[in-house]
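If you want this note's numbering, it's the position in the sequence shown, counting the first as 1, plus 9. Every residue, glycine too, gets a C-beta built ideally from N, C-alpha and C. These numbers were taken from a predicted model, which means no experiment stands behind them. Accompanying notes for the structure given below.
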Amino acid sequence: MRERLPIALEGIEAARSMTHRLLEDLSPGEWFWQPAEGMNPIAWHVGHLAFAQYFLCLKRLRGRTLEDETLITTHFLKKYKQGSRPTGDPEANYAPDEILAILAAVHDRAMRELPAASDEELQEPSPPPHPVFTTKIGAVEWCSQHEAMHAGQITLLRRLMGKPPRW
């Protein structure tokens, strides 16, 4: 199990680096652009990545703590969870800087807490059921794959805006 965690953490770092490269040249307006009504703007994808990393790497391992409300609020979690209703209205969203700050804070906390997880803990089931994994280490491993999937969607949105590919 010890060999799986460092590989998972490396994947999370690589996926996050890719996401940041895709975001660094966007204007505030581009964060909220939607190619059609109801489609997820980049702001939603990035907020959702913060939501997902929190759930996959923190909450599924140790539950929600009182301190977590200052890390990522319940309001933020509801706004960017799977199945939430995206909007391109900047007034109805968190600002890009706020989303990025929460994304960074969740990432930093996860990368600090995860190395302390024991092999036994990582092998435990990770309820509730998920179609991709069954254990806590599986949830951590899925985090980078999930982020890469959303980075692909962000890439498509960028290309639809007329932006060149970015590596």
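State buried or exposed for residue i, treating a residue as buried only when at least 16 other CB atoms are found within 10 Å of its CB.
i    : result
K87  : exposed
V141 : exposed
L75  : exposed
R25  : buried
P95  : buried
Compute the Euclidean distance between the alpha carbons of residue i and residue j, then round it to the nearest angstrom.
i    : j    : result
A119 : A17  : 12 Å
G56  : H116 : 12 Å
W176 : Q91  : 27 Å
E129 : L65  : 17 Å
P99  : R11  : 43 Å
A61  : Q154 : 11 Å
A125 : E33  : 32 Å
P44  : L109 : 22 Å
L67  : P134 : 14 Å
E46  : K172 : 21 Å
A23  : L14  : 14 Å
S93  : T83  : 13 Å
A101 : M48  : 15 Å
Terminal residues of the continuous alpha helix (DSSP H) containing residue i?
i    : result
T117 : Before going on, a small fix: residue 117 reads as Asp here, not Thr. Segment 105-122, the alpha helix (DSSP H) holding D117.
Q62  : 51-63
L32  : 13-32
V149 : 145-169
D77  : 77-80
G47  : Element bounds for G47: n/a, residue is neither H nor E.
T83  : 83-89
D128 : 128-132
S39  : Per the sequence shown, the amino acid found at residue 39 is Glu instead of Ser. Note, E39: alpha helix (DSSP H), 37-40.
Under 8 Å by Cβ, that's how I've got residue i and residue j pegged, so tell me the actual separation to the nearest angstrom.
i    : j    : result
F156 : L58  : One point to set straight first is that residue 156 is Glu, not Phe, in the sequence displayed. Indeed they touch by this definition, with Cβ atoms about 6 Å apart.
I51  : I146 : With a Cβ gap of about 30 Å, I51 and I146 do not count as contacting.
H159 : H54  : 5 Å
L123 : T144 : L123 to T144, Cβ: 14 Å. No contact.
A114 : L80  : 6 Å
Which same chain residues end up closer than 8 Å to residue i when comparing Cβ atoms and leaving out the 5 residues on each side of it in sequence?
i    : result
W42  : P50, I51, G97, L166, M170
Y103 : A52, G56, F85, K88, I111
R168 : P174
Who are the near neighbours of residue i in its chain, counting only those whose CB is closer than 6 Å to its CB and skipping five residues on each side?
i    : result
P105 : P37, W40
A148 : L65, R69, S135, F142
I21  : C152, S153
M27  : A160
Y63  : I81, V115
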